[in-house]
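Report on the structure given below.
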Amino acid sequence: MDEQLVQLLSPEGERVEHADYTSSLDGDEIFGLYRDMVIVRRICNESTSLQRQGQLALWAPVTGQEAAQIGPGRAMHPMDFSFPTYREHGIAWCRGVPPANMLKLFRAVSNGGWDPQLYRHSVPTVVLGNQTLHAVGYAMGVQRDGAEEAVLTFFGDGASSQGDVLEAFVWAASFNAPIVFLCQNNQWAISEPATLQSKIPLYHRAQGFGFPGVRVDGNDVLAMYEVSKRALDAARVGGGPTLIEAFTYRMGAHTTSDDPTRYRVDAEVEVWKHRDPIERVKALLAREYKKKAAAFDEVAAEADVIATKLREDVLAMGRPDPITMFDHAYAAPHPLIDEGRREMIELGVSVGAA
Amino acid sequence: MATTTMTMAKALNEGLRRALEKNPKVLLMGEDIGKLGGVFRITDGLQKDFGEDRVIDAPLAESAIVGTAVGLAVRGYRTVVEMQFDGFVYPAFDQIVSQVAKLHKRTDGVYTMALVIRLPFQGGIGAIEHHSESPEAYFAHTAGLRVVSCSTPHDAYWMIQQAIEHDDPIVFCEPKSRYWEKGEVDLESTSRGLFDAQVRREGTDVTVVAYGAMVKTALKAADTAAGEGVSVEVVDARSIAPLDVGTMAASVEKTGRLVVVGESPHTASIGSEIVATISERCFYSMRAPGVRVSGYHVPYPPSRIEEDFRPTPDRVLDAIDRVMGYGS
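In order, the protein sequence lines correspond to chains A and B.
When you line the first sequence up against this note's numbering, it's residues 1 to 354, in that order.
When you line the second sequence up against this note's numbering, it's residues 1 to 328, in that order.
The structure is reproduced here in structure tokens:
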């Protein structure tokens, strides 16, 4: 791995010294991060099962990337705001989005899924990179309001080639926007390797735009937490943007429609299995904080309860009333919306409940 | 009624100024709109009076201009973005159709996409390529957007303010060839809503619908037609999406004939939409098929020959002759 990689916890769960960063978390806090990661993985596994059983149109697994999301997710302040892609289930969890709401998009009953202002976490963005510009604009609004808030936005190694992401870098730098760009480099954009997107480490790009870039072991939740916290804290007080490259690995498929065996070798996956983000924290907790099996079992049981509830909630999500397609297409009355609604009611497609 | 004479450019400038004064959440953003006042000077003096935080000189990236305006809208700001020219809006097309048009729906109404995309459009200024296009149909086609166009200084002054106050995203098409033409502006009130068409000239034989720069062209044709004994009613569509079908239909039910004038090629154009809609609605009142007068189906030509591309009063008169010729 890159010598510049910030790592505070080795894959074996040993503490690692770093010149610039030290973990500030106590045992209870680390256990909290462990719990988050276990629950998010459990939610993800349940969702994959639901998709395989025909209950979801699609699922975008996050397995392997839990630390890359729980670290920044827990470093955020309540008033910070985040702009995700469609894979930030860990951030959504940290922001308090109910797991069933995360699946509305994938059950194809909504194009969003939750109230973004309530959780201060925007809705999934499927078009790669679009959300990074929304995040910069939001951050410009924060500046104009004189608020001490930071904005966090996400993209992947694939989207790092998108014009919108690079434009977002330019704008963030020009306006010194209070924003943190979090690139989860999970090595694969569906079938294309990260090396196709960039000939230099992605975090090096930040320098060319005029702000700091940091590469972090994206499977090390302690490092992800500290690096994110410092970047967010700086953004809130006028320190400007930071690019964090979370060097991680997508253990599963891009989505459930994908077959990764066609483009990557098992040996690579095996290497990354040994870098699992959860196992290393568990090892640390057991060794340094004397956590017993019972404590871990309790988290696993809690995750099972959440997964069971998620399954029930998802199965209870029926087909939306077709008439709802007309709701909120516009904020103000619109003749073609009225016409469409009227026609649908006349066709007897729907009872017409608005 | 106290009116003032001013150019459309000045009327837009005054309208923007008034919007900035009325609501501190209103921002302007675009390339060269600050110190320079925009390449057409529409924002002249506004940065000096409202500051760099509210009248923002943008780096040269159209997708970012619109994309950041989306984020500002999420934060509660109402941003008026300037696309420097019609032909430069396409880098922002993705943000406009994928995000601006859809985020209100995607969030079940939580996000209000209150932003105005100002688009100097149509030709007639002798410019080089990409500076004379009529892309309004691309946006009119997209559910979630609204598209309007002003044709007079009075409308420019009021419509820009109405657009800024509206909660849906609006593509605001400004006929750049008319920027320097003067007209009377009533600074105290306006009688018309943003999405209402307006009869500019009453007539009984043919309805000519136009918008933007083509309204004046249609009025010139109507003058000439009157000399030839044909009474032309000119309807300024004003709102391109949604169309004020009621006003247009009422006119065609009276005249029985329809001509629509636009600068873009007519395939899948606003003119096509108007002809189709009015045909469905007014079939039994119509004495002739609706006819479109448009640019040709070619890329916008070098401007030395643009007046042979853009509809002229003569071409509008030919179309009037055609519809008058049916059944006689």
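Cβ atoms here follow ideal geometry from the backbone N, Cα and C, with glycine treated the same way.
Small disclaimer: the values here were computed from a predicted structure and weren't measured.
For Asp196 (chain B), the closest of B:Thr247, B:Val55, B:Ile170 by C-alpha to C-alpha distance is B:Thr247. Around Asp168 (chain B), the same chain offers Arg146 as residues with beta carbons nearer than 6 Å, after the five sequence neighbours per side are excluded. Beyond the five residues adjoining it in sequence on each side, Leu60 (chain B) comes within less than 7 Å, by CB distance, of Glu31 in the same chain, given in chain order. Boundaries of the alpha helix (DSSP H) harbouring Met248 (chain B): 245-255, taken from the DSSP string.
For Asp186 (chain B), DSSP records a beta bridge to B:Thr3.
In this structure Ala137 (chain B) touches Ala268 (chain B) by the C-beta definition: roughly 6 Å separates them, less than 8 Å. If you ignore the 5 residues before and after Ser228 (chain A), its C-beta comes within less than 6 Å of the C-beta of Gly71, Pro72, Ala75, all in its own chain and listed in chain order. Boundaries around Ile30 (chain A) are those of the alpha helix (DSSP H), 27-52, since no beta strand (DSSP E) includes it. Around Pro242 (chain B), the beta-carbon contacts reaching into chain A at under 8 Å are His334, Pro335, Leu336.
The continuous beta strand (DSSP E) containing Val214 (chain A) extends over residues 213-217. Residues are counted here when their Cβ sits less than 9 Å from a Cβ of chain A; for the segment 265-298 of chain B the count is zero. DSSP places Asp321 (chain B) in the helix class (H, G or I) of the three-state scheme. Within chain A, the residues placing a beta-carbon under 7 Å from that of Arg106 (chain B) are Asn111, Gly112, Val123, ordered along the chain. If you keep only unbroken alpha helix (DSSP H) runs of at least 4 residues inside the segment 107-143 of chain B, you get 136-140. Residues of chain B with a Cβ closer than 9 Å to the Cβ of Val97 (chain A) do not exist, since the nearest Cβ in that chain sits about 13 Å away. The shortest CA-to-CA distance from Leu284 (chain A) to any of A:Val6, A:Gln7, A:Glu12 is the one to A:Glu12. Its chain contains Met8, Ala213 as the residues whose beta carbon lies nearer than 6 Å to that of Arg178 (chain B), once the 5 sequence neighbours on both sides are disregarded; these appear in chain order.
Exposed is the label assigned to Ala300 (chain A), since fewer than 16 other Cβ atoms lie within 10 Å of its Cβ.
The beta-carbon separation of Glu226 (chain A) and Phe154 (chain A), rounded to 18 Å, does not stay under the 8 Å limit for a contact. Within the model, the alpha-carbon separation for Gln122 (chain B) versus Gly325 (chain B) is close to 30 Å. Arg230 (chain A) carries a helical assignment under DSSP once its states are collapsed to helix, strand and coil.
The secondary-structure analysis by DSSP pairs Asn185 (chain A) across a beta bridge with A:Phe247. Here Met317 (chain A) has Arg107, Val109 as same chain residues with Cβ atoms under 6 Å from its own Cβ, once five neighbours each way along the sequence are excluded. The DSSP-derived three-state label of Pro59 (chain B) is coil. Counting along the chain, the unbroken beta strand (DSSP E) around Pro265 (chain B) starts and ends at 258-265. Cα atoms of His134 (chain A) and Asp53 (chain B): separation of roughly 18 Å, rounded to the nearest angstrom.
For Asp314 (chain B), no chain A residue has a Cβ inside 9 Å of its Cβ, as the nearest lies near 35 Å away. Contact annotation, Leu152 (chain A) with Val180 (chain A): C-beta distance approximately 5 Å; criterion of less than 8 Å satisfied.
Counting only residues of its own chain and dropping the five nearest sequence neighbours on each side, Ala221 (chain B) has a CB closer than 6 Å to the CB of Pro313, Val316, Leu317. Residues of the segment 70-82 of chain B with a Cβ closer than 9 Å to any Cβ of chain A, in chain order: Val70, Gly71, Leu72, Ala73, Val74, Arg75, Gly76, Tyr77, Thr79. The Cβ of Ser174 (chain A) sits closer than 8 Å to at least one Cβ of chain B. Taking C-beta separations shorter than 6 Å and ignoring five residues to either side along the sequence, the partners of Gln162 (chain B) in its chain run Leu194, following chain order. With a contact defined as Cβ atoms closer than 8 Å, Pro153 (chain B) and Val185 (chain B) qualify at about 5 Å. Within the segment 161-186 of chain B, those residues whose Cβ lies closer than 8 Å to any Cβ of chain A are, in chain order, His166, Asp167, Asp168. In the DSSP assignment, Thr79 (chain B) falls within the unbroken beta strand (DSSP E) covering 78-82.
Secondary structure of Val298 (chain B) (DSSP, three-state): coil.
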